[in-house]
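Student: Residue numbers (numbering that gives the first Met the number 0), protein chains in the order written: chain A, 0 to 340; chain B, 0 to 510.
Before we start, here is the structure in question, set down as structure tokens.
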Amino acid sequence: MTAFNDFLRAVRAPLGAITLTLLLGFLLVMMITDQPVLAYRDLLLANFDSWSNFGLFLNRAMPLALIAIGITFAFRAGVFNVGGEGQLFAGAITTTMLGVALAGLPPVLLFPIVIIGGIAAGAFLGWIPGVLKVKLGVDEVVVTLMLNTIVLLFTSYLVNQVIRDTAAYGAVSQLVPKEIWLPSLPGVPKASSGILAAVVLAVVSWVVLFRTKWGAELRAAGTNLRYAEAIGIAAGRRVIGAMLVAGGCAGLAGALYVLGIGHRFEQNFSPDYGLVALTCALLARIHPIGALFTALFYALMLNGAAYMQISTDVPRSLVDLLTGLLVLLMTARVVISRRKA
Amino acid sequence: MTDPQNILELSGIAKTFGDKVALKSIDLAVRRGEVHVICGENGAGKSTLMNILVGIHKPSGGQIRFNGQQVQISDPIAASRLGIGMVHQHFTLVPSMSVAENLFLGRHPKKFGLFSDRQAMVDRARALIEAYNFGLDPQAAISSLSVGQRQRVEILKALAFDAELLILDEPTAVLTPPEVEELLKIIATLRERGRTVLFITHKLREVKAVSDRVTVIRHGESVSIHNTADVSEADIARDMVGRDVFLVGRKGDVERSFGDAVLKLNGVTRTNAAGRRLLDAVSLEVRAGEVLGIAGVDGNGQTELAEVIAGLSTMQAGNIWFDGADISDMTVAERQALGLGFVPEDRLDRGISKTMSVAENVAATNYERANILRRGFVSSARLAEFAAEKIKEFDVRGAKPKTPIGTLSGGNMQKVVIARELEREPRLLLVSQPTRGLDIGASEFVYDRILASANAGRGVLLISSELSEIFALSDRIAVIYSGRIMAILDRADADEVTVGALMNGAGKEAA
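In structure tokens:
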């Protein structure tokens with residue numbers, strides 16, 4: 000019962016802001032086009048026109064949700080992790096490399112190896128800024144940002160020089176063996192079942208953060224590090240642990256993308272998933288279940304905007320405007336509630 | 000009805016926030032030219048009342064008369080137009096600007112009605128400073144001033160607005176003892192110049208030192224008004240708390256026997272990066288059932304001593320034993336497992352996490368001990384139940400288990416910290432500045448818990464810069480100066496003069 004109330008509280012804030020954003024956005028659309036209703040219908044509902052559209056929508060949401068859930072851990076531990084993109088790429092490239100290199104292994108063995116490999120690569124990339132912050136006091140924002148660039152360029156080298164599929168167009172790798180591809184979601188042919196992992200992880204993350212001693216200690220370290228130290232919490236270890244989880248989640252997102260959606264590493268597979276996921280996590284008030292919902296919403300808007308642009312003369316960049324509005328409204332709400340207190 | 004002598008009259012002022020009653024009914028009459036103290040415990044409604052007077056809150060009922068006229072104070076600008084000036088506890092100055100610029104912020108004198116006339120501004124600031132003898136440089140940047148000087152700028156700012164009635168909200172909370180003396184002198188000057196001062200405080204000594212009359216408020220009601228000269232500190236304390244207050248400590252006439260040493264420090268030395276000795280060969284021991292008080296002026300190594308014992312910082316030389324075991328290299332958690340309880344000097348810094356709930360703060364180190372885990376997971380029902388028990392046992396006011404602890408008053412936060420540390424039944428309780436910022440009621444409670452701990456056979460190491468506290472609670476008194484223990488005296492042999500001299504670095508022969 001209290002769990003249900005907590006859940007309600009977690010989704011109430013983003014839902015309110017989203018509704019208001021859409022209303023204001025509608026006024027804008029009315030000014031741009033003669034067919035505002037059609038534009039808005041496409042933006043919001045075209046995702047549900049066919050199972051195929053719906054599947055693409057879920058595929059878009061999967062990496063966003065996983066990275067955002069991971070970022071929740073980092074933020075709760077007081078680490079401003081902007082390295083989601085790099086961690087995602089590390090996971091994706093590792094899974095691909097292992098899948099291509101070990102293609103001869105039986106799938107029962109290969110599948111867990113590539114998944115664990117992807118998670119480990121992401122986690123390793125999270126571990127670096129975590130350790131540097133705890134041991135040497137290096138600012139994590141700088142480290143994660145720099146690592147993003149390093150990883151993106153390194154994967155570019157790998158995909159172009161090492162595992163490039165010379166028969167295909169563009170900077171893409173060879174395919175991973177078909178036997179380890181993720182099955183599609185039952186009933187939704189185009190949707191990878193990776194989204195299920197995001198749903199499960201959202202709930203598990205909530206339990207870990209709010210219903211375990213480890214989670215309580217992590218949040219204590221994140222809200223007041225000196226307090227956490229004084230009551231005997233190994234605060235540094237909690238911070239590093241949170242970064243391992245954050246990186247691991249992003250790495251898993253990369254692995255599941257390769258196995259379920261791309262089936263190979265594509266240099267351009269991410270429309271800045273890492274940064275968009277950061278916004279998702281912040282809008283969800285750093286709550287893992289909230290993050291799942293904000294990720295779904297963002298995916299809806301990103302894909303819907305494409306449909307809208309095709310059918311009407313409303314440009315796709317309306318979405319950027321709407322997300323700006325959304326961020327504005329969410330922050331405005333914080334000020335109002337503060338003033339009441 | 001109205002007395003022409005009165006500059007400000009309040010009758011039946013009430014204020015509710017939602018269903019929370021902050022003020023029930025306040026009557027107040029401030030005479031022109033007097034220093035009037037409003038005295039009350041934390042949470043009695045002092046701040047709400049002040050915010051009503053300066054127009055930040057609107058009263059839900061009652062009347063305000065200023066200079067005989069009934070007034071509505073709609074916002075702070077209206078208040079300043081009436082002649083009510085407020086000096087907030089937290090300063091509202093721009094650190095990068097000069098004293099003069101701060102004084103005339105938003106209303107610089109103008110040249111040709113357009114450019115600000117800096118010379119005129121500085122001259123007027125200087126005239127104002129000289130008129131009140133404040134000894135400030137009008138061109139000094141605020142950031143270069145001490146806290147006491149900044150407060151004087153705040154006062155001047157109100158005076159520059161021609162405030163007839165000056166309200167000071169707990170002005171001494173941020174000051175050191177010598178600065179407090181300065182402030183009291185300044186208030187006397189203001190009275191000579193015919194200004195009326197309304198002074199908010201919960202410190203009894205200041206009431207006696209500064210005021211002509213005192214109004215005591217309790218639970219949102221004004222309960223009494225006295226001529227300060229006619230009442231004793233104990234009378235005021237009784238009105239504030241609503242019963243007789245016993246801030247009594249250890250009874251000196253009881254023979255006590257102490258057990259073995261629980262905590263022993265031998266030659267503990269800590270230096271900072273520059274090589275200065277913050278702790279210089281500190282040796283002492285605390286026996287079971289004994290309160291050892293560490294007296295000293297702030298900044299003489301008390302913070303470092305507490306951190307070294309708690310395991311939060313390392314030392315360069317020396318050893319620490321706990322129950323005969325060398326704990327010098329142990330982590331904080333290991334020391335706590337052995338039975339060390341630690342109440343840090345600054346609650347907000349090391350004692351609590353403000354944004355987390357009361358329940359999570361009190362349970363933080365007690366999940367196993369208080370049976371809050373069910374198959375490894377936190378049972379939220381059991382967590383709430385445990386927190387509710389502690390809230391009741393330690394009389395934490397205005398708190399529910401889920402309340403963010405940062406919304407509580409200092410005294411109630413401190414109670415939560417003490418509840419958490421005592422829950423694991425420590426062998427030694429290390430308490431640092433336990434009543435700093437606390438009102439009488441809460442201090443009484445804290446004293447009580449400290450003495451009860453000693454009576455239950457725990458060793459207590461009490462670090463405090465309040466000499467009265469050290470004398471009230473300790474069995475032995477150690478004096479720390481510049482990182483060194485100057486002397487350790489039996490309570491019976493110690494008097495304020497001797498200890499005071501040692502605190503200022505007088506040689507050992509003084510003892």
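Backbone N, C-alpha and C fix where the C-beta goes; we use that ideal spot for every residue, glycine too.
Predicted, not measured: the structure shown is a model, and the values here were computed from it.
1. For a test of the three-state rule: what should DSSP assign to B:ASP74, helix, strand or coil?
2. Taking C-beta to C-beta, are A:ASN302 and A:ASN52 nearer than 9 Å?
3. Out of curiosity, what's the CA-to-CA distance linking B:ARG435 and B:GLU443?
4. Which same chain residues end up closer than 6 Å to A:TRP50 when comparing Cβ atoms and leaving out the 5 residues on each side of it in sequence?
5. Any residues in the stretch 317-338 of chain B with a beta carbon nearer than 9 Å to a beta carbon of chain A? Which ones, in chain order?
6. Return yes when the Cβ of A:LEU281 is within less than 9 Å of the Cβ of A:ASN46, no when it is not.
7. Identify which residue in B:LEU182, B:ASP26, B:ALA387, B:GLY295 has its Cα closest to the Cα of B:LEU466.
8. Short of 6 Å in beta carbon distance, which residues of its chain neighbour B:VAL70, apart from the five on each side in sequence? Order them along the chain.
9. Report the option in B:SER256, B:ALA280, B:ALA272 whose CA atom is closest to the CA atom of B:GLY266.
10. Which residue wins for smallest C-alpha separation from B:ALA13, given the options B:LYS45, B:LEU7, B:LEU22?
11. State the beta-bridge partners of B:GLN68 as determined by DSSP.
12. Mind pulling the chain B residues with CB within less than 7 Å of A:LYS212?
13. Ignoring anything shorter than 3 residues, give me the beta strand (DSSP E) runs that lie fully in the stretch 218-247 of chain B, in order along the chain.
14. May I ask you to report which of helix, strand or coil DSSP gives B:GLY39?
15. Taking Cβ-Cβ distances shorter than 7 Å, what residues in chain B pair up with A:ILE230?
16. Nearest by alpha-carbon distance to B:GLU220: which of B:GLY11, B:GLY292, B:GLU359 is it?
17. So, for A:ALA294: in the same chain, excluding its five sequence neighbours on each side, which residues have a beta-carbon less than 6 Å away from its beta-carbon?
18. For B:PRO433, does the three-state DSSP call read helix, strand or coil?
19. Please report the Cβ distance between B:GLY315 and B:THR354, rounded to the nearest whole angstrom; I am assuming they are in contact, meaning their Cβ atoms lie under 8 Å.
20. Taking the beta carbon of B:ARG373 as the centre, do at least 16 other beta carbons fall within 10 Å, making it buried, or is it exposed?
21. Quick check on this structure: which residue in B:THR47, B:ASN101, B:GLY340 has the alpha carbon closest to the alpha carbon of B:VAL152?
22. Among B:GLY317, B:SER79, B:THR313, which has the Cα closest to the Cα of B:ALA272?
23. Exposed or buried, which one is B:ALA363 when buried takes at least 16 other CB atoms within 10 Å?
24. Quick one: residues in its chain with C-beta nearer than 7 Å to the C-beta of A:ALA102, no 5 flanking neighbours on either side, listed in chain order?
25. Is the shortest distance between the beta-carbon of A:ALA202 and the beta-carbons of chain B less than 9 Å?
26. In the DSSP assignment, what residue or residues form a beta bridge with B:SER463?
27. Helix, strand or coil: which one does DSSP assign to B:ALA418?
28. Examine the Cβ distances between the stretch 151-170 of chain B and the stretch 68-83 of chain B and report whether three or more of them are shorter than 8 Å.
29. Assess contact between the stretch 336-353 of chain B and the stretch 411-420 of chain B, defined as three or more Cβ pairs (one per stretch) separated by less than 8 Å. Is contact present?
30. Can you list, in chain order, the residues of its chain with a C-beta nearer than 6 Å to that of B:ASN226? Leave out the 5 residues immediately preceding and following it.
31. Give a yes or no on whether the minimum CB-CB distance between A:THR322 and chain B is below 9 Å.
32. In whole angstroms, what is the alpha-carbon distance linking B:THR195 and B:GLU33?
33. Let's test the definition: count the other Cβ atoms within 10 Å of the Cβ of A:SER204 and tell me whether it reaches 16, buried, or not, exposed.
34. Name the chain B residues whose beta carbon is nearer than 8 Å to that of A:ARG225?
35. Which residues in the same chain have their Cβ closer than 6 Å to the Cβ of B:LEU421, if we skip the five residues on either side of it in sequence?
36. Should the stretch 257-271 of chain A be called in touch with the stretch 163-174 of chain A, which here means at least 3 C-beta pairs below 8 Å?
Tutor: Answer, in terms of the structure:
1. Your numbering for residue 74 of chain B matches position 75 in the second sequence. Note: B:ASP74 maps to coil in three-state DSSP.
2. Numbered from its first residue, the first sequence carries residue 302 of chain A at position 303. Numbered from its first residue, the first sequence carries residue 52 of chain A at position 53. Against a cut-off of 9 Å, the Cβ pair of A:ASN52 and A:ASN302 comes out as a contact.
3. For the purposes of this step, residue 435 of chain B is taken as the residue at position 436 of the second sequence. For the purposes of this step, residue 443 of chain B is taken as the residue at position 444 of the second sequence. Whole-angstrom Cα-Cα distance: 12 Å.
4. Taking the first residue of the first sequence as 1, we reach residue 50 of chain A at position 51. Cβ-Cβ distances below 6 Å link A:TRP50 to VAL187 in the same chain, with the five nearest sequence neighbours on each side left out; the list follows chain order.
5. Within the stretch 317-338 of chain B, contact with chain A at the beta-carbon level (separation under 9 Å) is assigned to THR330, VAL331, ALA332, GLU333, ARG334, GLN335, ALA336.
6. By one-based count along the first sequence, residue 46 of chain A stands at place 47. By one-based count along the first sequence, residue 281 of chain A stands at place 282. Contact: no.
7. Numbered from 1 along the second sequence, position 467 holds the residue referred to as residue 466 of chain B. Checking every option, the nearest Cα to that of B:LEU466 belongs to B:GLY295.
8. Within the second sequence, residue 70 of chain B is the residue found at index 71, counting from 1. Correct list, in chain order: ILE63.
9. Position 267 of the second sequence, counted from the start, is the residue given in the question as residue 266 of chain B. Each of B:SER256, B:ALA280, B:ALA272 was checked against the Cα of B:GLY266, and the nearest Cα belongs to B:ALA280.
10. Position 14 of the second sequence, counted from the first residue, corresponds to residue 13 of chain B. Of B:LYS45, B:LEU7, B:LEU22, the residue nearest in Cα terms is B:LEU22.
11. Against the second sequence, residue 68 of chain B aligns to sequence position 69. In DSSP, B:GLN68 forms a bridge with B:PHE65.
12. Locating residue 212 of chain A in the first sequence gives position 213, where the first residue counts as 1. Residues of chain B with a Cβ closer than 7 Å to the Cβ of A:LYS212 are, in chain order, TYR366, LEU372, VAL377.
13. Annotation note: the stretch 218-247 of chain B contains the following uninterrupted beta strand (DSSP E) runs of length 3 or greater, listed N- to C-terminal: 220-226.
14. On the second sequence, position 40 is the one that residue 39 of chain B refers to. The DSSP-derived three-state label of B:GLY39 is coil.
15. Counted from its first residue, the first sequence places residue 230 of chain A at position 231. Neighbours of A:ILE230 on chain B, chain order: ALA363, THR364.
16. Walking along the second sequence from the start, residue 220 of chain B turns up at place 221. Nearest C-alpha to B:GLU220: B:GLY11.
17. Taking the first sequence and counting its residues from 1, the one referred to as residue 294 of chain A is at position 295. For A:ALA294, where only same-chain residues beyond five positions count, the Cβ hits under 6 Å are ALA60, LEU63, ALA64, ALA67, CYS279.
18. Translated into the one-based positions of the second sequence, residue 433 of chain B becomes position 434. Reduced to three states, the DSSP call for B:PRO433 is coil.
19. The count along the second sequence starts at 1 and reaches residue 315 of chain B at position 316. The count along the second sequence starts at 1 and reaches residue 354 of chain B at position 355. Reading the sequence as shown, one finds Gln at residue 315 of chain B and not Gly. Not quite, the Cβ-Cβ distance comes to about 36 Å (not below 8 Å), so this is no contact.
20. Position 374 of the second sequence, counted from the start, is the residue given in the question as residue 373 of chain B. Per the 10 Å Cβ criterion, exposed.
21. Residue numbering aside, residue 152 of chain B sits at position 153 when the second sequence is read from its first letter. Nearest option by C-alpha distance: B:ASN101.
22. Translated into the one-based positions of the second sequence, residue 272 of chain B becomes position 273. Considering only alpha carbons, the answer is B:THR313.
23. As a position in the second sequence, residue 363 of chain B is number 364, starting the count at 1. Looking at its Cβ environment, which holds 16 or more other Cβ atoms inside 10 Å, B:ALA363 is buried.
24. As a position in the first sequence, residue 102 of chain A is number 103, starting the count at 1. So the qualifying residues of the chain are PRO176.
25. Reading the first sequence from its first residue, position 203 is the one you call residue 202 of chain A. It should be pointed out that residue 202 of chain A corresponds to Val in this sequence rather than to Ala. Not closer than 9 Å to any Cβ of chain B, the Cβ of A:VAL202 fails to qualify, so no.
26. If you number the second sequence from 1, residue 463 of chain B lands on position 464. Beta-bridge partners of B:SER463 (DSSP): B:ALA294.
27. As a position in the second sequence, residue 418 of chain B is number 419, starting the count at 1. It is helical.
28. With a cut-off of 8 Å on Cβ pairs, the stretch 151-170 of chain B is in contact with the stretch 68-83 of chain B, counting three or more such pairs.
29. Output reads yes: the stretch 411-420 of chain B touches the stretch 336-353 of chain B.
30. Numbered from its first residue, the second sequence carries residue 226 of chain B at position 227. Hits under 6 Å: ARG212.
31. Taking the first residue of the first sequence as 1, we reach residue 322 of chain A at position 323. Not an interface residue.
32. Working through the second sequence from its first residue, we reach residue 195 of chain B at position 196. Working through the second sequence from its first residue, we reach residue 33 of chain B at position 34. B:THR195 and B:GLU33 have their C-alpha atoms some 5 Å from each other.
33. For this step, residue 204 of chain A is matched to residue 205 along the first sequence. With at least 16 other beta carbons inside 10 angstroms of its own, A:SER204 counts as buried.
34. As a working note, residue 225 of chain A is residue 226 in the first sequence. Identification of chain B residues near A:ARG225 by a Cβ-Cβ cut-off of 8 Å yields ASP348, ARG349, ordered along the chain.
35. For the purposes of this step, residue 421 of chain B is identified with residue 422 of the second sequence, where counting begins at 1. Here the set comprises nothing.
36. A contact is defined here as three or more CB-CB pairs under 8 Å, and the stretch 257-271 of chain A meets this definition with respect to the stretch 163-174 of chain A.
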